[in-house]
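What follows is a set of notes on a single structure, which appears directly below.
Number of protein chains: 2
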Amino acid sequence: MARAGVTAERLTLAAAELADEIGMENVTVAALARRFGVKDASLYFHIRNAQDLRVRVALLALAELADRVAAALAGRAGKDALVAFANAYRDYATRHPGRYAAMQIDLDPETAAASAGVRHAEMTRAILRGYRLSEPDQTDAVRMMHSTFHGFVSLEKTGGFRHTPRTTDASWSRALDALDAVLSNWPPAESTDAETAR
Amino acid sequence: MARAGVTAERLTLAAAELADEIGMENVTVAALARRFGVKDASLYFHIRNAQDLRVRVALLALAELADRVAAALAGRAGKDALVAFANAYRDYATRHPGRYAAMQIDLDPETAAASAGVRHAEMTRAILRGYRLSEPDQTDAVRMMHSTFHGFVSLEKTGGFRHTPRTTDASWSRALDALDAVLSNWPPAESTDAETAR
DNA sequence: TGGTTTGCCTAGGAGAGCTAGGCTACTACC
DNA sequence: GGTAGTAGCCTAGCTCTCCTAGGCAAACCA
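Protein chains in written order, with our numbering: chain A, 882 to 1079; chain B, 882 to 1079.
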């Protein structure tokens, strides 16, 4: 009766690998136990429940992504930094579809606040220093950047771009050009507010 | 033994409502059967399996969204049309989170080609006529628009914007301004290609 | 060396997906 | 207007997943 040496960390990593291979929706406690040559009930000694496992995978993915983005960003500024960030992001999502899917689950606020998602947000703001935006434009720009990255990667994965011959790589590159252009020349607030009216 | 009057259409609609109420991941054949006062096995007379049900909900949602977008777009052009499209999209996603989630499932190519997603794509291209873009810029712009919309709505729903005080409505409005600006002044292709080099 | 903790086990219940096969009510046709 | 077919439901029962309770043995620690 040799022990399998299961720990929460090893379970999380194996679950992440499993997610990349067969999709996050097919990652089950039973399947994970099989991979460790152990009964499913045994895993509940290490994880609270199936949802807990998913959250752990999400946190792992967020941390990994933050590391990659940080590495890509080192020594760059301006558009260079923007492109490096974006490519690191898309590359991670493409290489690790299961992990990326796990990142999309709803974390409760305190878990999210303690996650690497915060580092992610900080790095995005750092990029914008090269574009000289002040609040609240900066927040709006951060949100638009994230939306563009996540939306593109997400649609690309679910096949939303399949019906047009144009390669997604080319469109991605042009989207980054467009993003750089609009960040460099962020439009002033509309005339709905009194101070900018007329 | 009065018949419950179950049809595939009524099942799909009920599944969509259920999805909006309790989330798409909790929509189960058993729960749906309960809502109709019928045994779960009986539903397999109308639908092939659980996945078939999800696809039907996705197609329903795509058609509904296309209708709403078409209505919002009537008689508008330029930025007006862009904003109307975007708001109809976001409004639908907010009002029908379950249906919107269903739309994200991977449809096989032929099903997707026969879906209302095609109408959706056509309408997006129609908007861009106001911005006078020619191919392949048009395709790139369509993809960027969709990415921004989907990404924003998706991050908003999973709480990606929660940690900053700025309202999402304001950021959304400014993202549309930015999109209008960049579509009006679409940046030329980079100098990676020979013809534009130097 | 003996006690405690740790890591696995078996057993089992609840709920989900799905198949096979049966019974009944409505429809259609001669 | 009887009868054949079919549409719409049923029960029974299989497999799989998630999870709890309780047991036993290996590892560790005083």
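Think of the CB as a built atom: it goes at the ideal place given N, C-alpha and C, for glycine as much as any other residue.
Item                                                                                                                          : Value
Residue burial classification, aspartate 1074 (chain B) (beta-carbon count within 10 angstroms, cutoff 16)                    : Per-residue confidence for aspartate 1074 (chain B) stands at a pLDDT of 44, beneath the threshold of 50, marking its modelled position as unreliable; the derived number appears in the next sentence. Aspartate 1074 (chain B) comes out exposed.
Supposed contact pair arginine 1024 (chain B) and alanine 1056 (chain A) - C-beta distance, whole angstroms, cut 8 Å          : 7 Å
Contact with chain A by leucine 1036 (chain B), beta-carbon distance below 8 Å                                                : yes
DSSP three-state assignment for leucine 932 (chain A), whether helix, strand or coil                                          : Rather than leucine, the amino acid found at residue 932 (chain A) in this sequence is glutamine. Note: glutamine 932 (chain A) maps to helix in three-state DSSP.
Limits of the unbroken alpha helix (DSSP H) element including arginine 1047 (chain A)                                         : Neither: arginine 1047 (chain A) is in no alpha helix (DSSP H) and is coded neither H nor E.
With 16 other Cβ atoms within 10 Å as the buried cut-off, status of serine 1015 (chain A)                                     : exposed
Per-residue contacts from glycine 959 (chain A) into chain B (C-beta, under 9 Å)                                              : Chain B residues near glycine 959 (chain A): none, gap ~14 Å exceeds 9 Å.
Bounding residues of the alpha helix (DSSP H) (the contiguous stretch that carries leucine 894 (chain B))                     : 889-903
The segment 966-981 of chain A contacting the segment 991-1011 of chain B, beta-carbon criterion three pairs below 8 Å        : no
Buried/exposed call for methionine 882 (chain A), threshold 16 Cβ in 10 Å                                                     : Caution is warranted here: a pLDDT of 42 is assigned to methionine 882 (chain A), below 50, making its placement in the model unreliable, and no coordinate value can be reported.
Local Cβ density within 10 Å of glutamate 902 (chain B), reported as buried at 16 or more and exposed below that              : exposed
Where the segment 967-986 of chain B meets chain A: residues whose CB sits under 7 Å from a CB there                          : Gln985
The segment 985-1002 of chain A / the segment 943-950 of chain A touching (three or more Cβ pairs under 8 Å)                  : yes
Segment contact, 8 Å Cβ cut-off, at least three pairs: the segment 965-972 of chain B with the segment 1025-1037 of chain B   : yes
Cβ shell of alanine 895 (chain A) (< 8 Å), same chain only, five flanking positions each side left out                        : Leu913, Arg916, Phe917
Distance between beta carbons of leucine 1060 (chain B) and leucine 963 (chain B), contact taken as under 8 Å                 : 7 Å
Whole alpha helix (DSSP H) elements within the segment 914-969 of chain B, 4-residue minimum                                  : 921-924, 931-954
8 Å Cβ cutoff, glycine 886 (chain A) in contact with chain B                                                                  : no
Proximity test, Cβ basis, 8 Å: glutamate 890 (chain A) and chain B                                                            : no
Simplified DSSP assignment, three categories, for glycine 1011 (chain B)                                                      : helix
Span separating the alpha-carbon of aspartate 989 (chain B) from that of leucine 934 (chain A)                                : 30 Å
Distance, valine 908 (chain B) Cα to leucine 928 (chain B) Cα                                                                 : According to the sequence as given, residue 928 (chain B) is isoleucine; it is not leucine. For isoleucine 928 (chain B) and valine 908 (chain B), the distance between alpha carbons rounds to 14 Å.
is_contact[threonine 1039 (chain B), chain A] using C-beta, thresh 8 Å                                                        : yes
Outcome for arginine 937 (chain A) when other beta-carbon atoms lying within 10 angstroms are tallied against a minimum of 16 : buried
Residue nearest to arginine 957 (chain B) in terms of C-alpha spacing, selected from B:Thr893, B:Ser1052, B:Thr1005           : B:Thr1005
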